[in-house]
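Remember, this note's numbering sits 513 above the position in the sequence shown when you count from 1.
We put the beta carbon where it would ideally sit given N, CA and C, even for glycine.
The structure displayed is predicted, hence computed values, not measured ones.
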Amino acid sequence: MTKKILIIDDDKIFSKILRDGLVAGGNGKYEVVTAFDGEEGFEVAMKEKPDLIMLDMMMPKVTGIEFLRKYRKEESGKNTPVIVETQLSDLEKMSEGVELGVRGYIIKSDYSLDTILRQVEDILK
514 MTKKILIIDD DKIFSKILRD GLVAGGNGKY EVVTAFDGEE GFEVAMKEKP DLIMLDMMMP
574 KVTGIEFLRK YRKEESGKNT PVIVETQLSD LEKMSEGVEL GVRGYIIKSD YSLDTILRQV
634 EDILK
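1. Using only the alpha-carbon positions, how far apart do Glu612 and Ile578 sit?
2. Keeping to the same chain, check which residues put their C-beta closer than 8 angstroms to that of Arg582; ignore five residues upstream and five downstream.
3. Hey, Thr547 and Arg532: beta-carbon distance below 7 angstroms or not?
4. Hey, how far is the Cα of Asp550 from the Cα of Leu535?
5. The alpha helix (DSSP H) spanning Met559 covers which residue range?
6. Quick one: what's Met567 bridged to in DSSP?
7. Taking the alpha-carbon of Arg588 as reference, which of Lys574, Ile596 and Pro563 has the nearest alpha-carbon?
8. Ends of the alpha helix (DSSP H) at Gln628?
9. Please identify the residue among Lys525, Met567, Phe555 and Lys560 whose C-alpha is closest to the C-alpha of Leu637.
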């Protein structure tokens, strides 16, 4: 059975690389949908009911933390695993993410698709 992954990131190039890597590396296990800001991401999450969300922290309109606060209030969003993508090594933001149920982190400037795929597989098994 395929698992649905929602990528919410305003960086369209990074989103495409991530989406293509998950689709190819997942060998058909993952259906990947994208949104390019937190508002759109919330709408897509409510409609698509993803099994995993990959969420950029720094976005215009609605930040990753703001999205998480709102999404966790929804019944369908209470237990959805989230992996945060960030450029930051900001401990305060990371600790707030943990409080909101973040299951993993990707530092955008230092990532590999193999590491991301392992993290996704571990969370979705």
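Concretely, from the data shown:
1. Within the model, the alpha-carbon separation for Glu612 versus Ile578 is close to 10 angstroms.
2. Counting only residues of its own chain and dropping the five nearest sequence neighbours on each side, Arg582 has a CB closer than 8 angstroms to the CB of Leu613.
3. In this structure, the beta-carbon distance from Thr547 to Arg532 falls below 7 angstroms.
4. One C-alpha to the other measures close to 20 angstroms.
5. Where Met559 is concerned, the enclosing alpha helix (DSSP H) starts and stops at Gly551 to Glu561.
6. The partner list for Met567 (beta bridge, DSSP) reads Ile520 and Ile596.
7. Sequence inspection shows Glu at residue 588; the Arg mentioned does not correspond to that position. Ranking the options by Cα distance to Glu588, first place goes to Pro563.
8. It should be pointed out that residue 628 corresponds to Thr in this sequence rather than to Gln. Element bounds for Thr628: Leu626 to Leu637.
9. Between Leu637 and the set Lys525, Met567, Phe555 and Lys560, the nearest pair of CA atoms involves Met567.
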